[in-house]
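Numbering (the numbering used here), first residue to last: 105 to 169.
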């Protein structure tokens with residue numbers, strides 16, 4: 105695919121936003137009442153990194169990026 109640079113940037117931004125949503129949901133699910141929020145935030149950050157990597161690798165292997 106011959107996509108322009110602007111379209112590729114928009115695709116990466118969409119991947120980042122979807123990964124943020126996945127990270128927030130994972131942090132909310134992993135948080136337990138009456139415990140500090142720090143471990144849940146770190147867990148959500150790890151899931152964000154994994155989701156973003158997975159999304160970008162999948163789009164690169166498909167030839168979009």
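Beta carbons: idealized from backbone N, C-alpha and C, even for Gly.
Quick check on residue i: does DSSP put it in helix, strand or coil?
| i | result |
| --- | --- |
| residue 143 | helix |
| residue 169 | coil |
| residue 123 | helix |
| residue 107 | coil |
| residue 136 | coil |
Comparing alpha-carbon positions, which option in the options lies nearest residue i?
| i | options | result |
| --- | --- | --- |
| residue 127 | 166, 153, 143 | 153 |
| residue 160 | 110, 145, 122 | 122 |
| residue 158 | 142, 145, 129, 120 | 120 |
| residue 129 | 109, 151, 162 | 151 |
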